[in-house]
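Student: With the UniProt record's numbering as the guide, the letters of the sequence shown map in order to residues 1 to 1208.
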Amino acid sequence: MAATKREELLASVQNKNSTSTGFVKLIKQLSHEETLTDTLVELNKRQLEDLWDGSLRICMSTLMGSDSETYYADHVNEICELLHSIIALANATINSMLAAHGDKNDQAIIMVPQSLTETAILIHGIFPTLTIDQKDLKDHISQLFESWWINTIAGREELMGNTIFYLLTKSIQPKSTQADVNRVKAVQNVLSAIDLNSESAGALCPLLLQCTYHHQYVTTPAGVNFLSYLFTLDVNLMNKIHLSIRNHLLSVPKAWHTQYGEIYFKAWQKCSGDIRENFEQNCIQDIMFRAVHATRGQRSQVFNSLFKILSYIHKEKTQRGVDAMLTKLYEPILWRSLMVANSYVRANAATLMFDVFPLYDPFLHNEQIDSMLQKQFDLMQSLMSDPVPEVRLITVKGVGHVLSIFWELIPSQVIQFFVTSLVQEQIYDISSPAVREAVLKVMNQLCDNHLSIPMLKTVLPELSNFVHDNSEKVRIAMLDVLLKVKGLRAIKYYHVVPVEHILARLEIDTAPVCDRIMNLIYHSFVSTEQHPAEQVKRCIALIKTNRGAARQFFTYLPKFLSLEDTIKYIIMLCRYMLHLLELIAPNLSNASDGSINESENSLQEVGHSKKDKKAAPLKRTRKQRKKDSGNGGESSAHTEEELNQNEDDSENSESLTNMCGMVEAIYFMLTTIIDKLGHPDNKPMKEGLLKKLSITVRKLMAVSQGTEMDSALIALAGHLPGKALPLIGQNLFNRLKQVCRQKEASDITVIVKALVMWGRAESIIELVKDSLGKKLSKLSSPEPTRDPKGITKPKKKRVGFTAAEEDDINIESALNIVVRMVTLAECRVVLLTKHKKGLESLLNTMEPVLQLIRNFLNNDQDQAAQKSDVNLWIKTFGVYTRLAVFICLPNKHGKVDDSNTVSSLTEPIVTLGNILNWTALAVIPFVKSDNKEKQEASTGITVLALKVCYGLVMVNIYNEAILDNQIHICRTVLESHSACTQLSFQALVCLLQLVQIRKPKSELSSGSEVFKAFENNIFTSLKSFLNAYISGLGDSEVVGENVMEDKPGYLTELSPVLVEIVHELTKPGKSLQLAERTLNSVLLCSIEEIKNHCQKKGLLKGKTLSPLASIFLNFIVKRDLLRRLFLQQLEKYLDLTIITDIYLLCSLVSIITWLKSVSADSTEALTKSISKLVAEATDNQVEETVFRDLKKQLEERVQEIIPQAEAV
């Protein structure tokens, strides 16, 4: 069978007229059967040469006919099949000869038939002409030639020119693979046989340069070895490759920079002789020079890129010759660069020096090596005191690196100097937190070296205060040091930083710092392996040490414990508190007073009885007291009992405080793990935990006597099931009444919020309504009385509030409850959706306060209300208006009509607009009253009304009537009241708000009469304020001095409001006439203010203005249109003014001088006008003495104006 195949193969090529069809068919058949190689092995040398002679003849006849493009297009498939067959036959021939050659001599050149070589050369010649469609054929051809080269077959040099070009082109494609690079690496020696400087290699060099920034070459071992090999081929190519890498450093990924370092180092290892010398000087030393002189900063990454290349070479110092090479190349660059003036160069050089340390030539004598090392130590010492923080930072990091690695090799004197400098100088660098952070990181590094522990034991306690550093990074670094110290046996972290300091930071610090603190101390306070009594003891110790830190501690604790351990810890605290309650409950019952007994109904639910009230000791009679005084033993016994009772009270109070801290701890831990408890797998644990907490909260609520405990319990109760809330809610409601009856003010926010959220809002509203209704109705409707003769007389009207009755709360507490309900965001939603009718009824109950205020203001008799009562009326009015606004809030904010406000009120004041009307008619007229009490009361009420106006617009609840009332109030206040008061300020704020929200609509254009009237009202109000301000300047005792000196911050607060109003009235799109009138008012106000200042204190010094003038003019000059209009108004004023007052002249000169300093080109006409005015002032015979004195001052400020005036 084999003989038959051999004969068929020889027959297919021996006939001179044989075609390629039979030959190709037979080769395909043998290839498919995988018998082609076996068939060729059976051929002798003569038969093999005949076979290839025939194959060459068929190949040439087929290819020679393909000279014309038409023939090639018609027979392209036939040609490709023939080439595939020839390639398959050539591969089989080579394999058979390799099998016959064996391992006789690996270096020997394998001889093949001459016809095979000629055929390969022929195919190599047409190889570049094959199109991309024949990529499989090209790849097979390339593999044949690669095998030819690798196996050292004769004639291989003539087959690799086009092959290496093809391989390089394929390997640098975007979708190339590592296998493509491996193929190039396998035949890289071909490049050594090519003259890379010749013209024929012109197309090859660009391909080699593209390999330097291709990912398959830079990131694969074969590619790295190939690129390092390229450096050794030719000096010119070396320079080109180095330039290509250098130019692409900033565009390639940063991870490649280290790979380039490996390429350079391997290239250095492969070089020798002149090539190595050129490589060191032209490549490595060039990188060193450019790295030292590179710019630094976030935008410039040149140094970082070059440093990574050099750093790889530095790490290879263990290789032979690297130390000597680095020393030789750094010698002319590094040492002088450390002492130059440019801080960037010093920083770069220092970074390189510390990375390459120690830098010396191992072939030198020991004395020379010691001298070089000492030189480096001296340079480090000088860099420690560098004036630039960045250089000091690099030095601190570098010194830490050197000390941590070479501690045992560095002289002790040098170590002592470095450590002393770090902990006594660099750590206190106030200019750079990064330096302080670096010092602490150095300490952290040194903790890893056991030789440095004795020194650190004395050094670290000096750094304890840096746990309180202003920089978060420094604090984190300090805690990292403590965490490292915690793992050392020789040093205890609490000897470095006291626990009190650590807890203080835990209380107030940020999350990254707190995480480290918890990792440091949590096991000291919570150890699940300890006995429960010990765990409770540690918990109490933490609460006593720092209550705030304890809150943070238990907030973060679940992160460091498993869910099961956290639940066990919470249950343990609950059991302890229940046990403690059993011990102290009798003492708490005996110490209860009447105020606690008032909540006996709720206390019965948690186990208390009314008998506790009867247990109170009765008052002794006089005989009993006398008898006791006569019995000294019994008296001393009573004294001892009282002392014991005091001690018990102290212990009980301390126990309650501890339990309060535990309740807070449970709340914070439960809040943290509540999401995990919601998982279905944790349902049994959640039910058991909440059941235990329900029992604990109910019993603690019964004995709680402080707001702090209430807050904690109420917050904790929010996580309890609904069936536990009614009992707690009733107890809490009774506690609210108890707190509100006390004279001392208490925070009821938590109680009110909890009751509203638990559905007890209706009870609270009824409580407030009953208390306010009784008191207000008694004051507004006095009961009749009878005289001795039986004639009924009206009871004498008494102004003021009566004492609180037993079942009612005081009025201030009632008002506080209302404020809390309408302020808390959680309560507002509940009240608006479920209790709006109750709020309307409460509003109706509070309405009589308006009549009380009206009666007080209209009362001309001598009797007057007490000041405290008046203040309470004002507060009640404020709550009344806030409640009215609150009721008008819809679920989705929007404008409301009168029908949307309170509809159930019976009095005339049923809308917010009516409230504003009432304020304007009944209150504002008394703002300037001679009666001080009425004036203060009316002012306070008006301020509240204006604040309500502001709030209405802010929440978008207004209609046209409300807006009209608001602007009426503002205008009335500004016209009838002096400027620079809180009332005027509030009016201006509301005025600004009106200007900003009142925009012309499509049906109400900006040119309509209605909108013009609105703008005129705004302008009139602003003008009224400015007039009031000017008139106040003349009254130095009332306003002028006060504003200019005593309250400089008032105008600072007022300035943005005034500026915004002026801006709204003068911005583009507004009426030009309105803008001119506004700027004219601003000009007149500024002139009068500066004039007043000149009269009292002389000419303004420097280029300054008076306060209000400075505010206005600084705003105006920044806008071109306003500046031009203002200058026009000033020119008109100068043209129409006749100077008869030297102070007016000083005021105008000050304004023009200031304008000239800001924009000199716009004041030429003003200079001429002021010159004319100076001349007129002289002609009008203004007082010469005054004029002479002020003229001297004017000459110092306006050197250009006065000479012109004199010339005139």
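The beta-carbon is built from N, C-alpha and C at its ideal position, and this holds for glycine as well.
Here the structure is a predicted model, which is why all the values come from computation and not from measurement.
In or out: E1088 buried (at least 16 other Cβ within 10 Å) or exposed?
Tutor: Numbered from 1 along the sequence shown, position 1088 holds the residue referred to as residue 1088. Burial call: buried.
Student: When the distance is taken between beta carbons, is V184 closer than 8 Å to L159?
Tutor: Residue 159 sits at position 159 when you count from the first residue of the sequence shown. Residue 184 sits at position 184 when you count from the first residue of the sequence shown. For L159 and V184, no; Cβs fall outside 8 Å.
Student: Looking only at its chain, what residues have a beta carbon closer than 6 Å to the beta carbon of S421, apart from the 5 residues adjacent to it on each side?
Tutor: Here the question's residue 421 lines up with position 421 in the sequence shown. Closer than 6 Å at the Cβ level, and outside the excluded window around S421, lie M384.
Student: I believe P461 touches V496 by the beta-carbon criterion, under 8 Å. Please report the beta-carbon distance rounded to the nearest angstrom.
Tutor: Within the sequence shown, residue 461 is the residue found at index 461, counting from 1. Within the sequence shown, residue 496 is the residue found at index 496, counting from 1. Contact flag correct, Cβ pair sits at about 5 Å.
Student: Which residue wins for smallest C-alpha separation from I405, given the options D378, F357, Q368, L440?
Tutor: Indexing the sequence shown from 1 puts residue 405 at position 405. Of the listed residues, the one whose Cα sits closest to I405 is F357.
Student: By Cβ distance below 7 Å, which residues in the same chain neighbour F418 in space, the five residues on each side in sequence not counted?
Tutor: Position 418 of the sequence shown holds residue 418. For F418, where only same-chain residues beyond five positions count, the Cβ hits under 7 Å are V399, L403.
Student: Look at the Cβ atom of I887, then the Cβ atom of G940, and state whether they are nearer than 8 Å.
Tutor: Here residue 887 refers to the residue found at position 887 when the sequence shown is read from its first residue. Here residue 940 refers to the residue found at position 940 when the sequence shown is read from its first residue. Going by C-beta atoms, I887 is not nearer than 8 Å to G940.
Student: What's the gap between the Cα of E936 and the Cα of E766?
Tutor: Numbered from 1 along the sequence shown, position 936 holds the residue referred to as residue 936. Numbered from 1 along the sequence shown, position 766 holds the residue referred to as residue 766. E936 and E766: Cα-Cα distance of roughly 33 Å.
Student: From L1125, H1093, P1056, F1115, pick the residue whose C-alpha is nearest to that of L1074; which is it?
Tutor: One-based indexing of the sequence shown puts residue 1074 at position 1074. Nearest C-alpha to L1074: L1125.
Student: Look up I275 in the DSSP assignment and say whether it is helix, strand or coil.
Tutor: On the sequence shown, residue 275 is found 275 positions in, with the first residue counted as 1. Helix at I275.
Student: Kindly indicate the opening and closing residues of the alpha helix (DSSP H) around H523.
Tutor: As a working mapping, residue 523 is identified with position 523 in the sequence shown. Here the alpha helix (DSSP H) through H523 covers 511-525.
Student: Expressed to the nearest angstrom, what Euclidean distance is found between the alpha-carbon atoms of I521 and D565?
Tutor: If you number the sequence shown from 1, residue 521 lands on position 521. If you number the sequence shown from 1, residue 565 lands on position 565. Approximately 17 Å between the Cα atoms of the pair.
Student: Take every Cβ of the region 185-196, pair it with every Cβ of the region 126-137, and state whether three or more of those distances are shorter than 8 Å.
Tutor: Flag = no, the region 185-196 and the region 126-137 do not touch.
Student: State yes or no: is the C-beta of residue 1209 within less than 8 Å of the C-beta of L122?
Tutor: Since the first residue shown for the chain is 1 and the last is 1208, residue 1209 is missing from the structure and cannot be characterised.
Student: For P362 and N278, what's the separation of their Cα atoms in angstroms?
Tutor: Against the sequence shown, residue 362 aligns to sequence position 362. Against the sequence shown, residue 278 aligns to sequence position 278. Distance between the alpha carbons of P362 and N278 is about 23 Å.
Student: What is the DSSP secondary structure of I333, counted as helix, strand or coil?
Tutor: The residue given as residue 333 occupies position 333 in the sequence shown. I333 falls in the coil class under three-state DSSP.
Student: Nearest by alpha-carbon distance to N914: which of Q966, N931, K947 is it?
Tutor: Reading the sequence shown from its first residue, position 914 is the one you call residue 914. Comparing Cα positions, the closest option is Q966.
Student: Hey, R296 and A347: beta-carbon distance below 8 Å or not?
Tutor: Counting from one through the sequence shown, the residue named residue 296 turns up at place 296. Counting from one through the sequence shown, the residue named residue 347 turns up at place 347. Cβ atoms of R296 and A347: closer than 8 Å.
Student: Between which two residues does the alpha helix (DSSP H) containing L1136 stretch?
Tutor: For the purposes of this step, residue 1136 is taken as the residue at position 1136 of the sequence shown. 1120-1136 is the span of the alpha helix (DSSP H), which, as asked, contains L1136.
Student: Evaluate R320 with the Cβ neighbour count: other Cβ atoms within 10 Å of its Cβ, from every protein chain shown; 16 or more gives buried, anything less gives exposed.
Tutor: For this step, residue 320 is matched to residue 320 along the sequence shown. Exposed.
Student: Just checking, does the region 443-450 make contact with the region 469-485 on the three C-beta pairs under 8 Å criterion?
Tutor: Short answer: they touch.
Student: In terms of alpha-carbon separation, which member of I369, N282, D286 lies closest to D323?
Tutor: For the purposes of this step, residue 323 is taken as the residue at position 323 of the sequence shown. The candidate whose alpha carbon is nearest that of D323 is I369.
Student: With C-beta atoms as the reference, is I333 less than 8 Å away from F265?
Tutor: The count along the sequence shown starts at 1 and reaches residue 333 at position 333. The count along the sequence shown starts at 1 and reaches residue 265 at position 265. Cβ distance not < 8 Å, so I333 and F265 don't count as in contact.
Student: Entirely within the region 159-202 and at least 4 residues each: give me those alpha helix (DSSP H) ranges in chain order.
Tutor: If we require 4 residues or more, the alpha helix (DSSP H) runs fully inside the region 159-202 come out as 161-171, 178-186.
Student: Which partner residues does I153 have in the DSSP bridge list?
Tutor: Locating residue 153 in the sequence shown gives position 153, counting from the first residue. The partner list for I153 (beta bridge, DSSP) reads I110.
Student: To the nearest angstrom, how far is the alpha carbon of K138 from that of F127?
Tutor: Counting from one through the sequence shown, the residue named residue 138 turns up at place 138. Counting from one through the sequence shown, the residue named residue 127 turns up at place 127. K138 and F127: Cα-Cα distance of roughly 7 Å.
Student: Alpha carbon to alpha carbon, what distance is there between T823 and V1038?
Tutor: Residue 1038 sits at position 1038 when you count from the first residue of the sequence shown. Residue 823 sits at position 823 when you count from the first residue of the sequence shown. Residue confidence is low: V1038 scores 38 on pLDDT, short of 50, so the model does not pin down where it sits. Its coordinate-derived value is still stated next. Roughly 38 Å between the two C-alpha positions.
Student: Below 8 Å, how does it come out for the region 712-720 and the region 662-682: are there three or more Cβ pairs, yes or no?
Tutor: Result yes; three or more Cβ-Cβ pairs closer than 8 Å.
Student: May I ask you to report which of helix, strand or coil DSSP gives K5?
Tutor: Your numbering for residue 5 matches position 5 in the sequence shown. Residue state, collapsed to three classes: helix.
Student: According to DSSP, simplified to helix, strand and coil, what is L561?
Tutor: Here the question's residue 561 lines up with position 561 in the sequence shown. In this structure, L561 counts as coil in the three-state DSSP scheme.
Student: Going by DSSP, what residue range makes up the alpha helix (DSSP H) through Y312?
Tutor: Within the sequence shown, residue 312 is the residue found at index 312, counting from 1. That run of the alpha helix (DSSP H) goes 302-315.
Student: Out of P206, R46, V927, Y260, point me to the one whose CA is closest to Y217's CA.
Tutor: On the sequence shown, position 217 is the one that residue 217 refers to. That would be Y260, whose Cα lies nearest to the Cα of Y217.
Student: To the nearest angstrom, how far is it from the Cα of L872 to the Cα of D1120?
Tutor: Within the sequence shown, numbered from 1, the residue matching residue 872 stands at position 872. Within the sequence shown, numbered from 1, the residue matching residue 1120 stands at position 1120. L872 and D1120: Cα-Cα distance of roughly 52 Å.
Student: Contact defined as beta carbons within less than 8 Å: I believe residue 1215 pairs with T707. What is the distance between those atoms, to the nearest angstrom?
Tutor: Any property of residue 1215 remains undetermined from this structure, which presents the chain solely from 1 to 1208.
Student: What do you get for N810, buried or exposed, if any count of 16 or more other CB atoms within 10 angstroms of its CB means buried?
Tutor: Along the sequence shown, one-based indexing puts residue 810 at 810. Its Cβ being crowded by 16 or more others within 10 Å, N810 is buried.
Student: Could you compute how far the alpha carbon of E812 sits from the alpha carbon of C539?
Tutor: Sequence index remark: in the sequence shown, residue 812 carries index 812 (1-based). Sequence index remark: in the sequence shown, residue 539 carries index 539 (1-based). Their Cα atoms are separated by approximately 40 Å.
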